[in-house]
Amino acid sequence: MERHDFGAAVRHLRGTTDPASVGLPVGGRRVPGLRREELGDLAGMSADYVRRLEQGRSHPSAGVVNAIARALRVGRADYERLCALAGYAAADGQVPTDLGPGATRLLERFSDTPMLVTDAAMNLVAVNSAFLALEHWDLTGDRWEWNVAWRIFCSPFAAFQQSAADATSHETIQVAQLRAALLRYPGDASLAALVDELRSRSRRFDTLWRAPRPVTAYESSATFTQSDGDSVTLVGNLIAIPGDDLAAVMLTAAPGSRDAARLVEVVGAAGGQAVVKVGQSGPG
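Numbering (full-length UniProt numbering), first residue to last: 1 to 284.
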């Protein structure tokens with residue numbers, strides 16, 4: 001890559017970084033983002049060197065790339081992009097599990113919509129109180145049970161039912177996500193172990209892994225049964241959160257339907273935190 005591509009990426013990230021997110025005061029700024037001097041201080045380099053990097057007049061070392069990424073607190077996807085633009089491999093190949101600000105805002109702003117967030121290995125990272133109101137996942141269990149793909153193929157929920165077509169779509173999405181994750185994180189031993197375990201335990205997973213189907217839409221429908229015996233049918237849509245390499249699943253009902261009314265009733269009766277972080281990341 002040309003040096004100016006790396007410089008442009010740094011300039012963009014610096015200009016879109018919230019000063020408060022890196023511990024800097026917000027007031028008295030004429031333009032958004034960080035000043036070059038601030039990035040230099042955080043990364044341990046001079047403002048003039050930051051300027052030369054951004055202008056493509058200097059090529060960074062791998063250490064400089066890592067220092068800039070740490071200073072800006074970028075997500076895994078942006079970090080890997082900086083490394084690629086500078087001509088280096090990323091420092092490690094582990095699936096990131098941190099709940100970034102983008103995912104947190106999504107959970108907070110859609111507090112009346114059941115939502116869960118997973119990492120690239122499909123491990124549960126966080127949910128909102130609306131999701132807990134469905135009484136679908138009690139957030140307990142052994143290591144593998146915190147993984148969405150594992151629950152689908154090896155330990156399905158009794159109160160979660162899908163038609164054959166929706167189940168196939170759901171399974172196809174899980175396999176596609178894990179295949180993509182293994183390509184991005186070939187050095188993550190836990191992710192590789194998860195895939196091996198799924199292939200050993202589930203003939204269905206192994207079949208789809210060896211002959212994957214194309215994903216036509218990142219959504220499927222399911223019926224959730226509550227403890228009172230009533231149920232609600234919702235459509236789950238998978239939404240990528242690229243900066244942190246996370247994904248959110250939003251569960252919604254058809255507008256004006258009986259399910260929409262039931263969802264309002266179920267969520268309205270629930271309380272608790274808008275964001276519930278999962279304390280165990282699981283195998284990835």
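Just so it is clear, CB atoms sit at the ideal spot from N, CA and C, and this is done for glycine as well.
Expected contact under 8 Å - CB spacing of Q162 and S221 to nearest Å:
With a contact defined as Cβ atoms closer than 8 Å, Q162 and S221 qualify at about 7 Å.
Here's the rule: buried if 16 or more other CB atoms are within 10 angstroms of the residue's CB, otherwise exposed. What is Q177?
Q177 is buried by the Cβ-count criterion.
Closest to F157 by C-alpha separation, out of Y88, W137 and D112, would be which residue?
When only C-alpha atoms are compared, the closest one is W137.
Would G44 be called buried (16 or more neighbouring beta carbons within 10 Å of its own) or exposed?
By the 10 Å Cβ count, G44 comes out exposed.
Determine the DSSP secondary structure at N66, reduced to helix, strand or coil.
In the structure shown, N66 sits in a helix (DSSP, three-state: H, G or I).
Bridge partners - G236, DSSP secondary structure assignment
Answer by DSSP bridge pairing, in chain order: S220 and L251.
If we require 4 or more residues per run, which alpha helix (DSSP H) segments fall completely within the UniProt domain "HTH cro/C1-type" (33-81)?
Qualifying alpha helix (DSSP H) stretches, in chain order: 36-43, 47-54 and 62-72.
Provide the residue span of the beta strand (DSSP E) that contains T118, from first to last.
Residue range M115 to D119 is occupied by the beta strand (DSSP E) that includes T118.
So V31 packs on L72, CB below 8 Å; how close in whole Å?
About 16 Å separates the beta carbon of V31 from that of L72, a gap too long to meet the 8 Å contact definition.
Within the same chain, show all residues whose beta-carbon is closer than 6 Å to that of V64, passing over the 5 residues directly before and after it, in chain order.
Correct list: empty, nothing qualifies.
So for F110, helix, strand or coil by DSSP?
Note: F110 maps to coil in three-state DSSP.
Tell me whether the segment 242-257 and the segment 107-121 touch, counting them as touching only if at least three CB pairs, one residue from each stretch, are closer than 8 Å.
Yes, they touch.
Going by beta carbon distance, what residues of the same chain come within less than 8 Å of E159, once the five residues before and after it are set aside?
Per the sequence shown, the amino acid found at residue 159 is Ala instead of Glu. Cβ neighbours of A159 beyond the five flanking positions: E135, H136, F224, T225 and Q226.
Starting from the C-beta of D112, find all residues in its chain whose C-beta is less than 7 Å away, skip the five residues before and the five after it, and write them out in chain order.
Answer for D112: A130 and V267, listed in chain order.
Is the Cβ-Cβ distance between Q94 and D188 less than 8 Å?
Yes, the Cβ-Cβ distance between Q94 and D188 is below 8 Å.
For Y218 versus I152, is the C-beta spacing smaller than 8 Å?
At the C-beta level, Y218 and I152 stay beyond 8 Å of one another.
Suppose you measure from the CA of R36 to the CA of R179; what does that come to, to the nearest Å?
Between R36 and R179, the C-alpha separation is close to 39 Å.
As assigned by DSSP and simplified to three states, the class of T104
When DSSP states are grouped into helix, strand and coil, T104 belongs to the helix group.
Note down the Cα distance separating R52 from M122, rounded to an integer number of angstroms.
Taking the straight line from one Cα to the other gives about 40 Å.
Evaluate R14 with the Cβ neighbour count: other Cβ atoms within 10 Å of its Cβ, from every protein chain shown; 16 or more gives buried, anything less gives exposed.
By the neighbour-count criterion, in which 16 or more other beta carbons inside 10 Å mark a residue as buried, R14 falls on the buried side.
My output table needs one value for A274: the three-state DSSP class, helix, strand or coil.
Assigned with DSSP and collapsed to three states, A274 falls in coil, not helix or strand.
Since R262 contacts D230 with CB under 8 Å, what's their CB separation in whole angstroms?
In this structure, R262 and D230 form a Cβ contact; the two beta carbons are roughly 7 Å apart against a cut-off of 8 Å.
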